[in-house]
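Asks: To start, I am sharing the structure in question, which I have written as structure tokens.
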């Protein structure tokens, strides 16, 4: 069945957050074509022609049940898609095939200039560098903790020693297992005597610890602002969701406007920000996740986050 003006939803097979948005789109009778790039083959087909006039690209994306005409796509929700790994092929063949999918299928979608992207993968990739995030935050007037990125252990020790308290956190989340068990790099306190020559292997991010009383997760969707205060005694609240208390937060106008300006500078239409509130009630900017999780916050607070996404995607091209 070929859908008329569909929303494309690119995500992994089990994605409760995407399900919430698709449910809202269904309520609006907006057609949805959901796919995962990892399904390329019998379960996912792309065909595109370039150099046609007057349309630069024509073609289709097909799943077993639905077909999307790429010239009619109103928006693309690029959630958490997986790229194929081709484990049945040799190492060289799998690398080759994976690259062809990313640059063929992905490149075809990236070439579409008509749809609204939430968010465009190339914009997400550019926004995902923490050092650049910190610079932009400071340029826009946010207070950021003193931060050092280095692979020099001496400089790291000196920086950590100079702070009242310091933390270490990863520059980017990456899949990691230990003895076959998945592990996560939590934000953790660090002392000078913990820093050794292993720091030389790669850059590390060290930061002054904010004397916070709460965390705030802020989701921006188009011009909507959803802020949730997260109270706990944890340095990294992700470690124990059962220990968290949630309250809807009303941000000062200057903070909300600054966050929207942040996304505008990055050409993003949605993003999840992490802020910290100190004992004086001031907000500290910590980081941006251009494609962060938010579904559990809607469940906890009742904020209409998925409805805001559905409205944005149904509207389509914002130009």
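Numbering (my numbering), first residue to last: 4 to 322.
By construction, the Cβ of each residue, glycine as well, lies at the ideal position given by its N, Cα and C atoms.
Owing to the predicted nature of the structure, the values given are computational and were not obtained by experimental measurement.
#1: Pull up the distance between the alpha-carbon of residue 178 and that of residue 86, whole angstroms please.
#2: CB residue 169 to CB residue 210, shorter than 9 angstroms?
#3: How do the stretch 67-78 and the stretch 96-105 stand: do at least 3 beta-carbon pairs fall below 8 angstroms, yes or no?
#4: So, using beta-carbon positions, are residue 259 and residue 283 closer together than 9 angstroms?
#5: Output needed for residue 160: all residues of its chain with C-beta closer than 6 angstroms, excluding positions within five of it in sequence on either side, in chain order.
#6: Relative to the C-alpha of residue 357, which candidate in 191, 193, 176 and 192 has its C-alpha closest?
#7: Span of the beta strand (DSSP E) holding residue 147?
#8: Find out if the Cβ-Cβ distance for the pair residue 144, residue 111 is shorter than 9 angstroms.
#9: Quick check: the stretch 118-133 against the stretch 249-264, are at least 3 beta-carbon pairs closer than 8 angstroms?
#10: Quick check: what's the CA-CA separation for residue 257 versus residue 141?
#11: Inspect the CB distances between the stretch 204-221 and the stretch 148-156 and report whether three or more fall short of 8 angstroms.
#12: Taking the Cβ atom as the reference point for each residue, do residue 11 and residue 78 lie within a distance shorter than 9 angstroms?
#13: So what's residue 19 in DSSP terms, helix, strand or just coil?
#14: Closest to residue 273 by CA distance: which of 228, 114, 242 and 113 is it?
#15: Report the residue from 115, 254, 212 and 224 whose alpha carbon sits nearest the alpha carbon of residue 239.
#16: Run the CB neighbour count on residue 218, radius 10 Å, all protein chains shown included, and call it buried at 16 or more, exposed below.
#17: Grab me the residues of residue 191's own chain with a C-beta within less than 6 angstroms of its C-beta, minus the 5 sequence neighbours each way, in chain order.
#18: Measure the C-alpha to C-alpha separation of residue 45 and residue 69 and round it to an integer number of angstroms.
#19: At 4 residues or longer, and completely inside the stretch 18-80: list those alpha helix (DSSP H) runs for me, N to C.
#20: Near residue 156, which residues of its chain fall below 7 angstroms by C-beta distance, leaving aside the five closest residues on each side in sequence?
#21: Within the chosen definition, does the stretch 47-60 reach the stretch 25-32 through at least 3 CB pairs nearer than 8 angstroms?
#22: I'd like to confirm something about residue 237: is its beta-carbon nearer than 8 angstroms to some heavy atom of the ligand NAP, or not?
#23: How would you label residue 301, buried or exposed, when you count the other beta carbons within 10 angstroms and need 16 or more for buried?
#24: I need the straight-line Cα distance from residue 50 to residue 305, nearest angstrom please.
#25: Does DSSP classify residue 200 as helix, strand or coil?
#26: Label residue 244 either buried or exposed according to how many other C-beta atoms from any shown protein chain fall within 10 Å of its C-beta, with 16 as the threshold for buried.
Replies: So, from the data block:
#1: Position 175 of the chain shown, counting from 1, holds the residue named residue 178. Position 83 of the chain shown, counting from 1, holds the residue named residue 86. Each residue's Cα considered, the two are about 14 angstroms apart.
#2: Position 166 of the chain shown holds residue 169. Position 207 of the chain shown holds residue 210. Contact: yes.
#3: no
#4: Indexing the chain shown from 1 puts residue 259 at position 256. Indexing the chain shown from 1 puts residue 283 at position 280. Against a cut-off of 9 angstroms, the Cβ pair of residue 283 and residue 259 comes out as no contact.
#5: Counted from its first residue, the chain shown places residue 160 at position 157. Closer than 6 angstroms at Cβ, skipping near neighbours: 195 and 198.
#6: Since the first and last residues shown for the chain are 4 and 322, residue 357 lies out of range.
#7: Along the chain shown, one-based indexing puts residue 147 at 144. Per DSSP, residue 147 belongs to no beta strand (DSSP E) and is neither H nor E.
#8: Looking up residue 144 in the chain shown gives position 141. Looking up residue 111 in the chain shown gives position 108. Cβ distance not < 9 angstroms, so residue 144 and residue 111 don't count as in contact.
#9: no
#10: Reading the chain shown from its first residue, position 254 is the one you call residue 257. Reading the chain shown from its first residue, position 138 is the one you call residue 141. Taking the straight line joining both Cα atoms gives about 14 angstroms.
#11: yes
#12: Here residue 11 corresponds to residue number 8 of the chain shown, with the count starting at 1. Here residue 78 corresponds to residue number 75 of the chain shown, with the count starting at 1. Closer than 9 angstroms, so yes.
#13: Sequence index remark: in the chain shown, residue 19 carries index 16 (1-based). In the structure shown, residue 19 sits in a helix (DSSP, three-state: H, G or I).
#14: By 1-based counting over the chain shown, the position of residue 273 is 270. For residue 273, the nearest C-alpha among the options comes from 228.
#15: In the chain shown, residue 239 corresponds to position 236, counting from 1. When only C-alpha atoms are compared, the closest one is 212.
#16: Looking up residue 218 in the chain shown gives position 215. By the 10 Å Cβ count, residue 218 comes out buried.
#17: Along the chain shown, read from residue 1 onward, the residue named residue 191 stands at position 188. For residue 191, where only same-chain residues beyond five positions count, the Cβ hits under 6 angstroms are 171.
#18: By 1-based counting over the chain shown, the position of residue 45 is 42. By 1-based counting over the chain shown, the position of residue 69 is 66. Those two C-alpha atoms are separated by around 13 angstroms.
#19: 19-30
#20: Here residue 156 corresponds to residue number 153 of the chain shown, with the count starting at 1. Around residue 156: 198, 199, 200, 202 and 203.
#21: no
#22: Absence of the ligand NAP is noted for the structure shown, with no ligands found whatsoever.
#23: Locating residue 301 in the chain shown gives position 298, where the first residue counts as 1. Buried: at least 16 other Cβ atoms inside 10 Å.
#24: One-based indexing of the chain shown puts residue 50 at position 47. One-based indexing of the chain shown puts residue 305 at position 302. One C-alpha to the other measures close to 41 angstroms.
#25: Start at 1 with the first residue of the chain shown, and residue 200 comes out as number 197. Helix.
#26: Start at 1 with the first residue of the chain shown, and residue 244 comes out as number 241. Exposed, by the Cβ-count rule.
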